[in-house]
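Heads up: the structure comes next, in structure tokens.
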Amino acid sequence: MRIYFAPLEGLTDAIYRRVHHATFGGVAKYFMPFISPSSSLSFTSRQQSDIDPRENAGVPAVPQILCKDAGLFLEMAKLLRDAGYTEVNLNLGCPSGTVTAKGKGAGMLKAPDALARFLDEIYAKSPLPVSLKTRCGYESIDEWPRLLDVFLCYPVHEWILHPRTYREFYGGTPHRDLFLEAAQKAPFPVIFNGDLFRAAECREMSRFDLMLGRGLAVNPALAQETQGGDRLTIESLRLFHDRLYREYLKWWPEHAVVGRMHGVMYYLMQALDCPAPAKRALRKSSGVDEYADAACRVFADSVLLQDICFTPPKH
Ligand SMILES: Cc1cc2nc3c(=O)[nH]c(=O)nc-3n(C[C@H](O)[C@H](O)[C@H](O)COP(=O)(O)O)c2cc1C
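Read left to right, the sequence shown gives residues 2 to 316 (my numbering).
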């Protein structure tokens with residue numbers, strides 16, 4: 002079994018991936034959050050630094066493209082090849098409204114014939130092997146047989162399947178039966194993704210390669226623990242946090258660091274049994290010094306939960 006770190010936009014940037022890789026083991030590949038190329042192929046400074054090979058040195062990172070224009074995809078794939086990357090991932094699963102409204106991400110699953118034309122072109126011409134990250138339908142799983150037929154036509158490098166429809170978003174449970182059907186029929190590797198939050202759950206699926214997202218964001222030792230390595234400790238969690246904080250401080254403006262660390266802590270706090278006053282102080286902290294004091298108090302006052310698991314936010 003190989004374990005991949007799922008792309009989590011707004012969290013798993015180059016700094017996060019580097020620090021995770023230096024602190025914990027068990028991740029065979031880190032998939033980068035999507036890059037959505039503009040027609041001029043110009044990038045924001047964040048995007049630029051995320052894909053800069055120097056920022057990813059020593060980390061097995063795979064870039065991901067979100068795009069519905071085959072020509073643009075191919076131009077982007079060439080740039081990535083020239084930068085030294087050896088594979089590229091296509092995002093066909095993002096359910097965000099702003100993305101699907103433009104017919105990208107999971108929006109491409111709505112029109113299987115147009116999707117097939119797009120895939121015809123990119124698989125004929127891509128300078129790099131292309132892996133796919135998809136859901137199993139747009140409105141309903143009734144669309145699955147047609148989509149499966151489409152995907153099976155191509156020399157897919159790897160197929161990461163999060164077996165939920167666009168409509169299901171992150172609700173309900175993933176359709177494991179559809180994943181099993183795909184894994185049985187596909188002549189290429191099919192990787193399972195969705196709701197694996199504990200090492201025991203990952204091991205149950207160990208005959209497959211897995212991609213983990215929110216489970217690893219809460220328990221950064223999940224991949225190594227699943228494969229027989231060390232379990233998370235409060236010390237390793239704190240080390241990870243402190244290294245991340247120092248790296249962000251080195252490269253980012255202070256206000257951006259605090260914002261990002263609150264995002265990181267949204268997940269890490271789910272591994273901790275933390276007294277309410279320390280939690281409150283962390284939530285209210287704004288400047289870097291206030292944040293650092295509050296985080297210090299969280300780690301001093303908390304114990305690690307016995308059963309660490311991601312819990313979705315209540316709506
Ligand atoms: C905050 C957030 C950001 C995400 N960003 C991306 C992304 O950039 N590209 C992508 O393919 N999937 C993205 N996803 C989906 C995850 O990669 C993954 O498929 C999903 O979280 C299900 O896996 P999990 O249950 O292991 O978390 C994102 C999910 C979350 C929660």
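Beta carbons are placed, not taken as given, at the ideal position from N, Cα and C, and that holds for glycine. Quick caveat, the model's predicted, so the values are computed rather than measured.
Q.
Going by DSSP in three states, TRP145 sits in which element: helix, strand or coil?
A. Residue mapping note: residue 145 aligns to position 144 of the sequence shown, counting from 1. Reduced to three states, the DSSP call for TRP145 is helix.
Q. Under the rule that 16 or more other beta-carbon atoms within 10 Å means buried, what is PRO278, buried or exposed?
A. Working through the sequence shown from its first residue, we reach residue 278 at position 277. Exposed, since its Cβ has fewer than 16 Cβ neighbours within 10 Å.
(Q) Just to check my reading of the structure: ARG19 and VAL63 have Cβ atoms closer than 8 Å, yes? What is that Cβ distance to the nearest angstrom? (A) By one-based count along the sequence shown, residue 19 stands at place 18. By one-based count along the sequence shown, residue 63 stands at place 62. About 15 Å; that fails the 8 Å criterion.
Q: Write down the C-beta distance between PRO54 and GLY85 rounded to the nearest angstrom, noting that I regard them as a contact closer than 8 Å.
A: Counting from 1 along the sequence shown, the entry for residue 54 is found at position 53. Counting from 1 along the sequence shown, the entry for residue 85 is found at position 84. Your pair PRO54 and GLY85 checks out as a contact, with CB atoms roughly 5 Å apart and the cut at 8 Å.
Q.
Are there any heavy atoms of ligand 1 lying less than 7 Å away from the beta-carbon of PRO164, as far as the coordinates show?
A. Reading the sequence shown from its first residue, position 163 is the one you call residue 164. PRO164 Cβ: outside cutoff for every heavy atom of ligand 1.
Q) For PRO276, which residues from the same chain have a beta carbon less than 6 Å from its beta carbon, with the 5 sequence-adjacent residues on both sides left out? A) Position 275 of the sequence shown, counted from the start, is the residue given in the question as residue 276. By the criterion of a C-beta distance shorter than 6 Å, PRO276 is surrounded in its chain by ASP302, once the five residues flanking it on both sides are discounted.
Q. Would you say GLU56 and PHE35 are within 8 Å of each other, going by their C-beta atoms?
A. Translated into positions along the sequence shown, residue 56 becomes position 55. Translated into positions along the sequence shown, residue 35 becomes position 34. Contact check for GLU56 against PHE35 fails: the beta carbons are separated by 8 Å or more.
Q: Using three-state DSSP, classify ILE309 as helix, strand or coil.
A: If you number the sequence shown from 1, residue 309 lands on position 308. Three-state result, ILE309: coil.
Q: Express the C-alpha separation of ASP294 and SER41 in angstroms, rounding to a whole number.
A: Looking up residue 41 in the sequence shown gives position 40. Looking up residue 294 in the sequence shown gives position 293. Distance between the alpha carbons of SER41 and ASP294 is about 44 Å.
Q | Whether LEU305 touches LEU273 by CB criterion (8 Å) | A | Indexing the sequence shown from 1 puts residue 305 at position 304. Indexing the sequence shown from 1 puts residue 273 at position 272. Result yes, Cβ atoms of LEU305 and LEU273 sit closer than 8 Å.
Q: Please say whether LEU162 and VAL191 have beta carbons closer to each other than 8 Å?
A: Your numbering for residue 191 matches position 190 in the sequence shown. Your numbering for residue 162 matches position 161 in the sequence shown. Contact flag set, yes.
Q) Is any heavy atom of ligand 1 found at a distance shorter than 7 Å from the C-beta of CYS203? A) The residue given as residue 203 occupies position 202 in the sequence shown. Relative to ligand 1, even the nearest heavy atom lies 7 Å or more away from the CB of CYS203.
Q: Please name the residue in PHE152, ALA115 and TYR167 whose C-alpha comes closest to that of ALA184.
A: Position 183 of the sequence shown, counted from the first residue, corresponds to residue 184. The shortest C-alpha separation from ALA184 is found at PHE152.
Q: List the residues that DSSP assigns as beta-bridge partners of ALA62.
A: What you label residue 62 is simply residue 61 of the sequence shown in a count that begins at 1. ALA62 is bridged to TYR31.
Q: Use the C-beta contact count for TYR267: other C-beta atoms within 10 angstroms, 16 or more gives buried, fewer gives exposed.
A: Taking the sequence shown and counting its residues from 1, the one referred to as residue 267 is at position 266. In the assembly as shown, TYR267 is an exposed residue. Its beta-carbon has fewer than 16 other beta-carbons within 10 Å.
Q) When you compare each of VAL28, THR234, SER286 and ASN92 to ARG136 by their alpha carbons, which one comes out closest? A) The residue labelled residue 136 in the question sits at position 135 within the sequence shown. It is ASN92.
Q | Meets three-Cβ-pair contact criterion under 8 Å: the region 100-108 and the region 71-90 | A | Three or more beta-carbon pairs separated by less than 8 Å are not found between the region 100-108 and the region 71-90, which leaves the two stretches without contact.
(Q) Taking the alpha helix (DSSP H) that TYR246 belongs to, which residues open and close that run? (A) The residue labelled residue 246 in the question sits at position 245 within the sequence shown. Looking at the DSSP string, the run of the alpha helix (DSSP H) that includes TYR246 is 235-252.
(Q) Our contact map puts LEU213 next to LEU197 with C-beta atoms below 8 Å; I'd like the distance itself, whole angstroms only. (A) Position 212 of the sequence shown, counting from 1, holds the residue named residue 213. Position 196 of the sequence shown, counting from 1, holds the residue named residue 197. Rounded, the Cβ-Cβ distance is 6 Å, consistent with contact.
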